[in-house]
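Using this note's numbering, the first residue of the sequence shown is number 125, and each one after it goes up by one. Think of the CB as a built atom: it goes at the ideal place given N, C-alpha and C, for glycine as much as any other residue.
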Amino acid sequence: MMPSRAGADGLGAFSYYDHVFLPESTKELVWRHGGKRYKSQLVLRVNGKKKTEAFLFEHGGPGWAPVVLRDGTVSDGKVETYEKAVAEILCPADTFFTSVFSAQGKRPLSAFKNAEIKTLLADLLGLEQVRQQGALAADVVKQLKAGLAVVRQGLARAQEDAAGTRRSLAELDGASQALLAATAQRTSTAARLDAGRQKLATVTAEHTGAAETEARRRALADEARRAKEEHDAAAQRLSQELPRLQQRETSLQQRIAERCRAYGRRRAQLVKDIAALTAVARLRESVERAAARRDFAQRVVARCQAHDGLA
């Protein structure tokens, strides 16, 4: 099929199905490139549903064998694989049609659009690697941004954990102070009880039988009773409060230890993340070189466009 007979450019401008009528037809083309022989084989089926298989073979010692691309892909009959193999061996189809069939009614370069001219020049100048490096640079920047966001989130969580740990320490200090106050109150009450008992014993020994002494004794006895009641109440409150305070202290100690361990783990993870991001950041020199090469390629394309415009 000659490009001059097609209504437009590209592989989709014409169809081989317009030239076959059998249920299954085959088109073969044996060609040579770079000192090697190749055979293109197209199988066209029209049994109710159209289906195309495309094979590319290379002639070697044993005979014809499927072409194997640089990435290990084997020509397996898929049209996409066939087009990829032809583009790798020769060039993209549009570039081939433009360069080979320009004398057979092919659309001239002056009729090409800007995007088509850029694509053709990029293929002729071999700028695909520059495009790949530009895409790689964009991907590196994206990964750096994502990694920085993760590090910031980890730092925020670590700061929250540190604040929680400080609050727990403050609560533990408050519980310890309450325990010390209860213990001091119990000691003071016990001292008052002992003092009352001593006073009662002294008065009882010195004044016996007198009403005044009896009244004093009763007063001292009441005071001793009140002191004992206060002592018992304080002791009961302390006995009730002590297990709760001890349990709370134990719980706070456990929470502090757990948060310290979590803080250590997160700190270690942040160190690993920072090390990984540092390794990625070392690619900066390669990215800058790729960007410089891209700028150079863009200037070359601009000069070619200016030259075409002058022509």
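The Cβ-Cβ distance between A178 and Y206 falls below 8 Å. A check of alpha carbon separations from V274 across A400, Q378, T313 and Y162 identifies A400 as the nearest. By alpha-carbon distance to V395, the top candidate from A282, T176, L214 and P186 is A282. Taking C-beta separations shorter than 8 Å and ignoring five residues to either side along the sequence, the partners of C384 in its chain run T289, following chain order. For G288, the three-state secondary structure derived from DSSP is helix.
Straight-line spacing of the CA atoms in A319 and Q301 works out to 27 Å. In the structure shown, G258 adopts helical secondary structure according to DSSP, grouped into three states. When the five nearest sequence neighbours on each side are left out, the beta carbons in the same chain lying within less than 7 Å of the beta carbon of V411 are those of A261 and V264, in order along the chain. If you draw a straight line from the Cα of F181 to the Cα of R406, it comes to about 44 Å. Under the three-state reduction of DSSP, S199 is assigned to coil, being neither helix nor strand. Taking a contact to require three or more Cβ pairs closer than 8 Å, the stretch 353–362 and the stretch 305–316 qualify as touching.
For K237, no beta strand (DSSP E) segment is defined, and its DSSP state is neither H nor E.
The three-state reading of DSSP puts F181 in strand, counting E and B together. Residue nearest to L272 within the set H431, D397 and E409 is D397 (criterion: CA-CA distance). T150 is bridged by DSSP to V167. In this structure, the alpha-carbon of A305 lies about 24 Å from that of Q378.
V191 sits away from A211, with the two beta carbons spaced by 8 Å or more.
Around the beta-carbon of L153, fewer than 16 other beta-carbon atoms lie within 10 Å, marking it exposed.
Going by beta carbons, R341 and T328 fall inside the 8 Å limit. For D285 against A386, the beta-carbon gap comes to about 6 Å, under 8 Å, which counts as contact. With contacts defined by Cβ atoms closer than 8 Å, L168 and V203 do not form a contacting pair. Between the alpha carbons of R427 and I213 lies a distance of about 29 Å. Non-local C-beta neighbours of R321 in its own chain, meaning closer than 7 Å and more than five positions away in sequence, comprise A348, ordered along the chain. The alpha-carbon separation between K160 and G196 amounts to approximately 19 Å.
A direct Cα-to-Cα measurement between S292 and S375 gives close to 10 Å. Under the three-state reduction of DSSP, P190 is assigned to strand. Ranking R276, I380 and E409 by CA distance to the CA of Q257 puts E409 first.
Cα atoms of Q364 and T337: separation of roughly 39 Å, rounded to the nearest angstrom. Counting along the chain, the unbroken alpha helix (DSSP H) around Y387 starts and ends at A335 to A405.
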